[in-house]
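For the protein sequence lines, the chains are S, G and L, in the order given.
Sequential numbering from 1 applies to the first sequence in my numbering.
Sequential numbering from 1 applies to the second sequence in my numbering.
Sequential numbering from 1 applies to the third sequence in my numbering.
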Amino acid sequence: MKLPSERRISFVKGSFYGFLVLTVISWIYILAGSESGIEDFLSGRAWRNAGGFLKQLIGIDDSLTGGAQLAFLDLGRWIETAKLAYQTLLMSVLAISLAGVAVLLTFLPAARNVSNGDLGGMPLPALGVLYHLLRFIFAFTRAVPELVWAMLIVFFLSPGVLPGAIALALHNYGIVGRLSAEVVENMDPGPARSLRSAGASNLQMLAYGIIPQTMPQFLTYLLYRWEVVIRTTVVVGFVNAGGLGREFRLSLSFFQYTDVALLIMWYLILVVAVDVLSTVLRKMIRVD
Amino acid sequence: MIWTGPPSLRGVGRFVETRRLLSLVLIGALVWSVASVGWGDGVIHTGGSDALKAFILGLFPPEISPDFLKVVVAATWQTLVHAVAAITLAIVVGLPLGIVASGALGSPGRARLAVAGTFRFGLAVMRSIHELVWAMLFVTAFGLSSIAVVLAIAIPYAGILGRIYSELLNDVPDAPLAGLRSSGASPARVLLYGRIPMVFTDILGYTFYRFECALRAAAIMSFVGIRGLGFEIQMSLHDLRFNEVWTLLLVLVGLVLLVDYWSGRVRRNIQS
Amino acid sequence: MISAGHLVDGQGLGKAFGEQRALAPLDLKIASGERVALAGPSGSGKSTLLYILAGLVSPDCGQLFLNSLAVSQLRPGRELSEAVGLIQQQFDLVPQLPVVQNVLAGRLGQWGLFRSLASLFSPRERGLALEALSRLGIDDKIDQRTGQLSGGEQQRVAIARLMIQSPRVVLADEPVSSLDPAQAEEILKLLIKLADDVAGVFVASLHAPGLIREYFTRVIGLRQGVLQFDIPADELTSSVLDALYDLDRTA
Numbered sequence: 001m002k003l004p005s006e007r008r009i010s011f012v013k014g015s016f017y018g019f020l021v022l023t024v025i026s027w028i029y030i031l032a033g034s035e036s037g038i039e040d041f042l043s044g045r046a047w048r049n050a051g052g053f054l055k056q057l058i059g060i061d062d063s064l065t066g067g068a069q070l071a072f073l074d075l076g077r078w079i080e081t082a083k084l085a086y087q088t089l090l091m092s093v094l095a096i097s098l099a100g101v102a103v104l105l106t107f108l109p110a111a112r113n114v115s116n117g118d119l120g121g122m123p124l125p126a127l128g129v130l131y132h133l134l135r136f137i138f139a140f141t142r143a144v145p146e147l148v149w150a151m152l153i154v155f156f157l158s159p160g161v162l163p164g165a166i167a168l169a170l171h172n173y174g175i176v177g178r179l180s181a182e183v184v185e186n187m188d189p190g191p192a193r194s195l196r197s198a199g200a201s202n203l204q205m206l207a208y209g210i211i212p213q214t215m216p217q218f219l220t221y222l223l224y225r226w227e228v229v230i231r232t233t234v235v236v237g238f239v240n241a242g243g244l245g246r247e248f249r250l251s252l253s254f255f256q257y258t259d260v261a262l263l264i265m266w267y268l269i270l271v272v273a274v275d276v277l278s279t280v281l282r283k284m285i286r287v288d
Numbered sequence: 001m002i003w004t005g006p007p008s009l010r011g012v013g014r015f016v017e018t019r020r021l022l023s024l025v026l027i028g029a030l031v032w033s034v035a036s037v038g039w040g041d042g043v044i045h046t047g048g049s050d051a052l053k054a055f056i057l058g059l060f061p062p063e064i065s066p067d068f069l070k071v072v073v074a075a076t077w078q079t080l081v082h083a084v085a086a087i088t089l090a091i092v093v094g095l096p097l098g099i100v101a102s103g104a105l106g107s108p109g110r111a112r113l114a115v116a117g118t119f120r121f122g123l124a125v126m127r128s129i130h131e132l133v134w135a136m137l138f139v140t141a142f143g144l145s146s147i148a149v150v151l152a153i154a155i156p157y158a159g160i161l162g163r164i165y166s167e168l169l170n171d172v173p174d175a176p177l178a179g180l181r182s183s184g185a186s187p188a189r190v191l192l193y194g195r196i197p198m199v200f201t202d203i204l205g206y207t208f209y210r211f212e213c214a215l216r217a218a219a220i221m222s223f224v225g226i227r228g229l230g231f232e233i234q235m236s237l238h239d240l241r242f243n244e245v246w247t248l249l250l251v252l253v254g255l256v257l258l259v260d261y262w263s264g265r266v267r268r269n270i271q272s
Numbered sequence: 001m002i003s004a005g006h007l008v009d010g011q012g013l014g015k016a017f018g019e020q021r022a023l024a025p026l027d028l029k030i031a032s033g034e035r036v037a038l039a040g041p042s043g044s045g046k047s048t049l050l051y052i053l054a055g056l057v058s059p060d061c062g063q064l065f066l067n068s069l070a071v072s073q074l075r076p077g078r079e080l081s082e083a084v085g086l087i088q089q090q091f092d093l094v095p096q097l098p099v100v101q102n103v104l105a106g107r108l109g110q111w112g113l114f115r116s117l118a119s120l121f122s123p124r125e126r127g128l129a130l131e132a133l134s135r136l137g138i139d140d141k142i143d144q145r146t147g148q149l150s151g152g153e154q155q156r157v158a159i160a161r162l163m164i165q166s167p168r169v170v171l172a173d174e175p176v177s178s179l180d181p182a183q184a185e186e187i188l189k190l191l192i193k194l195a196d197d198v199a200g201v202f203v204a205s206l207h208a209p210g211l212i213r214e215y216f217t218r219v220i221g222l223r224q225g226v227l228q229f230d231i232p233a234d235e236l237t238s239s240v241l242d243a244l245y246d247l248d249r250t251a
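What follows is the structure in structure tokens.
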């Protein structure tokens with residue numbers, strides 16, 4: 001019989017070696033497998049292809065476009081694609097907003113100390129069921145990649161900003177939901193309990209004690225996720241959800257590589273803008 | 001809210017205004033985004049609600065015929081293998097980058113800050129682009145191959161890991177490090193014996209989380225033509241075989257949750 | 001509403017947390033106007049007793065009557081908050097709320113849900129809070145985020161909340177343990193006045209024998225959950241206290 005501490009160490013060691021073996025097998029499979037492409041890389045063919053692509057991207061090689069104006073030097077194109085960038089930004093804000101509202105409505109029963117009455121509420125069995133149900137929903141929505149959600153949703157809703165936003169919202173709902181519930185679970189119970197002694201009912205305690213203490217963290221998580229979402233919004237556009245992503249895919253398939261370069265520039269502008277905005281807004285929470 | 005206090009404390013009013021401003025901005029963003037959507041009849045397309053019903057029914061039961069399960073296992077293996085290769089490459093590249101970017105090594109002074117700053121900028125560029133966008137570019141550039149896909153995931157992930165590692169290494173409280181330095185340890189030794197042990201569990205935890213993300217990323221690489229769970233989901237959706245879609249979804253979710261559980265268990269065992 | 005019997009009437013109050021016995025069954029009767037000090041080393045059950053008296057923790061055995069009302073029958077709200085109020089050692093205010101909200105929380109027992117929620121956005125009865133805070137000398141902090149105040153200022157905010165709540169039984173868990181003597185006396189006087197204003201009762205846990213003799217009428221000694229003594233405050237001697245804390249001064 002092993003001691004618990006010995007068993008723990010052997011679990012960790014076993015995990016480590018097991019993962020090491022998996023790594024070796026994976027790399028062998030990748031490099032030696034049928035689709036590996038290793039010959040292309042070693043022979044230099046892949047690099048030559050890439051060089052050609054790069055030249056077309058920057059516009060040095062315009063054999064495909066027949067000498068047309070470089071997209072990223074064309075003001076008209078910039079203005080046309082600005083609309084798409086706006087759509088992408090809109091999709092990201094909508095996604096975050098939907099996820100945020102959904103979390104606000106459901107994160108409290110998903111916290112252990114709320115559902116089992118530790119914070120002073122009534123430990124109803126129904127709350128226990130709700131706790132497990134919500135935790136499962138968080139786990140499920142979080143585990144499915146945004147693009148897969150988008151693939152599914154585009155099946156039922158007409159393509160556009162909304163299905164993309166919903167897909168992003170679903171995935172991020174699971175992430176922010178779980179984090180927010182954990183904030184409640186790790187919360188200092190003192191202030192909430194002290195409100196009880198001032199005569200607060202459960203709902204009053206919620207409003208004065210629990211919500212104010214969890215809001216700063218919740219908003220911080222939401223704003224952090226916005227930075228991730230803006231990057232993924234473009235990807236969701238690939239399934240025709242609109243915005244820069246859709247145009248990116250089209251331009252790629254029509255070999256309009258300078259357009260692709262322009263769209264990448266817009267993409268980077270959006271990413272930097274959202275990163276900056278998110279940081280500014282998060283600093284405002286700190287002051288709060 | 002009318003501030004009725006003495007004018008000398010107007011600074012306090014600034015705090016109050018920031019909170020109000022923040023709430024206004026957030027609520028405004030919510031309202032603007034919801035209002036900008038073209039709500040109306042065109043939202044659910046014809047046949048959409050029928051498709052939705054058929055899809056939900058597809059869960060009972062999910063497809064588990066042996067032939068299909070073989071496909072599922074093969075797809076799972078593809079996804080897993082690409083994810084493992086990508087995350088290990090990302091760690092191997094990201095860890096040294098993160099260490100340099102944290103400024104923990106090298107002699108103090110402006111040179112070190114400049115180097116750290118450059119590395120931090122490099123990491124930022126790497127992680128600004130989503131792995132699927134990298135993948136589409138790489139596949140167009142290099143042609144479709146497993147290596148291109150693994151690189152496409154590994155590059156942004158190395159950037160993300162590098163940034164998180166550098167932040168974790170930087171946030172270490174100085175007191176224990178000062179103790180090591182005063183006993184004559186070089187910056188490299190301080191790093192090895194001081195910083196890394198203190199944040200090891202956090203580093204491990206975040207790396208596990210990135211591995212989970214890599215699994216999802218590998219799954220959606222189907223979009224550029226690599227086989228895997230995403231590829232099979234696309235195929236089954238296209239054929240309207242919803243029972244198959246559900247099986248694949250459940251396997252994908254199961255895989256991700258398994259990694260999540262394993263990660264939690266390893267970290268708990270290390271901490272005790 | 002002066003009751004015929006004692007304001008605080010506890011019979012056989014006991015509490016255990018899992019395997020740990022926090023309080024052995026104890027009887028406690030306090031009449032209005034009394035000022036009771038609770039003494040004893042940490043872990044002696046003082047906080048547990050205070051929490052039971054405040055209605056925050058239900059005793060495993062025994063009954064508690066406040067103002068002739070059975071506490072076990074009282075739901076949180078008007079009746080309980082009018083009967084008893086507690087200041088905890090960590091004050092336990094909500095750090096993210098502005099001071100005015102933390103103070104007005106003393107009215108939560110009286111306000112309905114709608115009024116409580118509306119007040120979060122625009123404080124009702126702000127004048128009440130302002131008055132309480134100015135009596136404590138910190139009215140200038142009324143709109144500041146509570147978390148930014150110093151420890152001493154936060155304690156006053158907690159006292160202001162209690163002032164607004166105006167319970168008949170005023171409880172305080174280690175209110176003066178981290179204060180210098182001058183501050184300690186000031187805080188004790190404020191809390192005692194709170195209780196006297198409503199012909200109520202003041203119960204506090206503390207260690208300093210000088211303060212106990214000067215400001216309290218009665219002192220109860222606890223040790224490992226068991227009652228050691230219950231004597232008038234002026235009969236408290238250093239040797240009695242030393243024995244309670246197991247201090248061997250002769251060694």
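All C-beta atoms in this analysis are idealised placements derived from N, C-alpha and C, irrespective of residue type, glycine included.
These numbers come from a predicted model, not from an experiment.
- Residue environment: G/Ile-64 is assigned as exposed (fewer than 16 neighbouring CB atoms within 10 Å of its CB, all protein chains considered).
- Interface with chain G (8 Å Cβ-Cβ cutoff): S/Asn-186 is excluded.
- Sixteen is the threshold: since fewer than 16 other Cβ atoms of the shown chains lie within 10 Å of the Cβ of L/Phe-114, the residue is exposed.
- Interface flag for S/Pro-216 against chain L is set, since a Cβ pair is found closer than 8 Å.
- Following the DSSP letters along the chain, one finds L/Ser-205 inside the beta strand (DSSP E) bounded by residues 201-205.
- When the Cα atoms are used, L/Asp-140 and G/Arg-267 turn out to be separated by approximately 48 Å.
- Residue environment: L/Lys-193 is assigned as exposed (fewer than 16 neighbouring CB atoms within 10 Å of its CB, all protein chains considered).
- In this structure, S/Gly-128 and L/Gln-165 do not form a Cβ contact; the two beta carbons are roughly 33 Å apart against a cut-off of 8 Å.
- If the five residues before and after L/Gln-155 are omitted, its C-beta is found closer than 8 Å to the C-beta atoms of Ile-87, Phe-91, Pro-175, Ile-187, all from its own chain and listed in chain order.
- Shown here, S/Asp-40 sits in a helix according to DSSP, grouped into three states.
- Under the 10 Å beta carbon count, G/Glu-131 is surrounded by 16 or more other beta carbons and is classified as buried.
- In the DSSP annotation of this structure, the continuous segment of the alpha helix (DSSP H) that includes S/Val-183 starts and ends at 161-185.
- Remark: C-beta atoms of G/Ser-263 and G/Phe-208 approach each other more closely than 8 Å.
- Interface annotation, G/Arg-120: not in contact with chain S, CB-CB separation never under 8 Å.
- Taking 8 Å as the cut-off, the beta carbon of G/Leu-24 is found no closer than this to the beta carbon of G/Ile-99.
- Burial is judged here by how many other beta carbons sit within 10 angstroms of a residue's own beta carbon; L/Gly-127 has fewer than 16 and is exposed.
- Pairing G/Leu-21 with G/Val-224, the inter-Cα distance amounts to about 44 Å.
- As the crow flies, the alpha-carbon of G/Leu-57 is around 39 Å from that of G/Gly-143.
- Along the length of the stretch 120-148 of chain L, whole alpha helix (DSSP H) runs at least 4 residues long occupy 126-135, reported in chain order.
- Restricting attention to alpha helix (DSSP H) runs no shorter than 4 residues, the stretch 183-235 of chain S encloses them at 190-197, 202-205, ordered along the chain.
- Counting only residues of its own chain and dropping the five nearest sequence neighbours on each side, S/Glu-185 has a CB closer than 8 Å to the CB of Ala-111, Arg-112, Asn-113.
- At a cut-off of 8 Å, the C-beta of S/Ala-198 has a neighbouring C-beta in chain L.
- Taking the beta carbon of S/Leu-195 as reference, the chain L residues within 8 Å of it are Val-94, Ala-105, Leu-108, listed in sequence order.
- Partner residues in the beta bridge of L/Leu-38, as assigned by DSSP, are L/Ser-205, L/Ile-220.
- Taking C-beta atoms as the reference points, L/Val-170 and L/Ala-195 count as a pair closer than 8 Å.
- S/Gly-128: member of the alpha helix (DSSP H) spanning 125-143, first to last residue.
- Separation of S/Leu-270 and S/Phe-156 (C-alpha to C-alpha, rounded to the nearest whole angstrom) is 29 Å.
- In the three-state DSSP reduction, L/Gln-11 falls in the strand class (E or B).
- At a cut-off of 8 Å between beta carbons, S/Phe-138 makes no contact with chain G.
- At a Cβ-Cβ threshold of 8 Å, L/Leu-162 and L/Gly-85 count as neighbours.
- By the CB criterion at 8 Å, G/Ala-219 and G/Thr-18 fall outside the cutoff.
- Look at the stretch 193-225 of chain G: the residues with a C-beta under 7 Å from a C-beta of chain S are Arg-216, Ala-219, Ile-220, Phe-223.
- With contacts defined by Cβ atoms closer than 8 Å, S/Glu-35 and G/Ser-222 do not form a contacting pair.
- For G/Pro-173, no beta strand (DSSP E) segment is defined, and its DSSP state is neither H nor E.
- Under the 8 Å criterion on CB atoms, S/Met-284 is classed as interfacial with respect to chain G.
- When C-beta atoms of the stretch 230-239 of chain L are compared with those of the stretch 58-69 of chain L, fewer than three pairs fall below 8 Å, so the two segments do not count as touching.
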